[in-house]
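A quick write-up on the structure given underneath.
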Amino acid sequence: MKKFSVKALVSIGMLSSISYVLMLLNFPIPPFPNFLMIDFSDIPALIAALIFGPAAGVLVELFKNILDYFMTGSATGVPVGHIANFVAGILFVLPAYYIYTKLKTKKGMTLALVIATVVMSVVMSVLNYYVIMPAYTLFLNAPAIAAPELKTMIVTGILPFNIFKGLLISLVFMLLFSKMYTWISSQQYKSA
């Protein structure tokens with residue numbers, strides 16, 4: 001694994017802190033279930049990945065979720081939601097990073113974010129069906145959700161929510177990226 005410079009480590013720490021604060025500023029969107037919250041905490045992780053590489057993006061996702069778990073806890077006592085958030089963040093940041101590194105243009109970043117949104121939404125739907133929702137019901141000692149009901153909840157709630165969230169994060173990121181493009185590009189070469 002690549003060793004990070006002191007500048008990279010400090011930057012990852014700062015971006016993790018910003019990501020944690022953005023995670024606290026979450027909010028629901030009315031047509032979706034109340035337990036699904038929008039936040040923009042994946043943006044600092046994406047910036048970290050673009051500047052310092054994919055491991056930096058993963059570390060920002062990890063640190064923000066660890067911070068949030070220790071500061072706010074979990075309804076289940078087990079960080080199921082935090083693990084789900086971590087996985088969703090990685091599924092968004094890594095495809096966006098790898099596709100963008102092949103294309104290296106603003107249009108390439110737009111395409112990368114759209115593909116990352118699709119990847120994250122589809123994989124998280126599968127994980128919600130087989131792992132995350134069963135884990136929630138297990139740790140909350142709630143009755144298991146029947147397969148047809150769970151499938152309906154995922155198809156009508158979780159999948160569209162993740163698509164909407166991914167596109168909203170992509171829109172906000174592209175507004176920042178269009179202003180920071182030159183700076184991010186120059187930082188990539190310095191940290192390489």
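The opening residue of the sequence shown carries number 1 in the UniProt record's numbering; numbering runs sequentially from there.
Glycine included, each C-beta is placed from N, C-alpha and C at the ideal position.
{"query": "Nearest-angstrom beta carbon gap, Leu-113 and Ala-88 [assumed within contact, 8 Å]", "result": "That pair is no contact at about 14 Å."}
{"query": "Element boundaries [alpha helix (DSSP H), containing Ile-154]", "result": "Here Ile-154 belongs to no alpha helix (DSSP H), and DSSP marks it neither H nor E."}
{"query": "Beta-bridge pairing of Phe-161 - partner residues as DSSP gives them", "result": "In DSSP, Phe-161 forms no bridge with anything."}
{"query": "Three CB pairs or more closer than 8 Å across the stretch 124 to 138 and the stretch 48 to 60", "result": "no"}
{"query": "Same chain, Cβ closer than 6 Å to Phe-4, neighbours up to 5 away in sequence not counted", "result": "none"}
{"query": "Beta-carbon proximity of Val-78 to Phe-139, cut-off 8 Å", "result": "yes"}
{"query": "Top-ranked residue by Cα proximity to Asn-65, from Phe-32, Tyr-98, Leu-24", "result": "Leu-24"}
{"query": "Cβ pair residue 257, Val-93 closer than 8 Å", "result": "The first residue shown for the chain is 1 and the last is 192, placing residue 257 beyond what the model contains."}
{"query": "8 Å Cβ shell around Tyr-100 - same chain, five flanking residues per side excluded", "result": "Leu-50, Gly-108, Met-109, Ala-112"}
{"query": "Candidates Leu-175, Phe-161, Tyr-181, of which the one nearest Pro-33 by Cα", "result": "Phe-161"}
{"query": "Rounded distance between the beta-carbons of Leu-167 and residue 193, thought under 8 Å", "result": "For the chain, the structure presents residues 1 to 192; residue 193 sits outside this window and is missing."}
{"query": "Span of the alpha helix (DSSP H), counted from its first residue to its last, around Val-10", "result": "6 to 24"}
{"query": "Backbone CA spacing between Val-58 and Leu-91 [nearest angstrom]", "result": "10 Å"}
{"query": "Alpha-carbon to alpha-carbon, Val-119 and Ala-55", "result": "19 Å"}
{"query": "N- and C-terminal bounds of the alpha helix (DSSP H) containing Asp-42", "result": "42 to 52"}
{"query": "Status (buried if at least 16 other CB within 10 Å, exposed otherwise) for Leu-171", "result": "exposed"}
{"query": "Residue from Met-71, Ala-75, Ser-41 whose Cα sits closest to the Cα of residue 219", "result": "Shown here, the chain extends from 1 to 192; a query on residue 219 therefore has no answer."}
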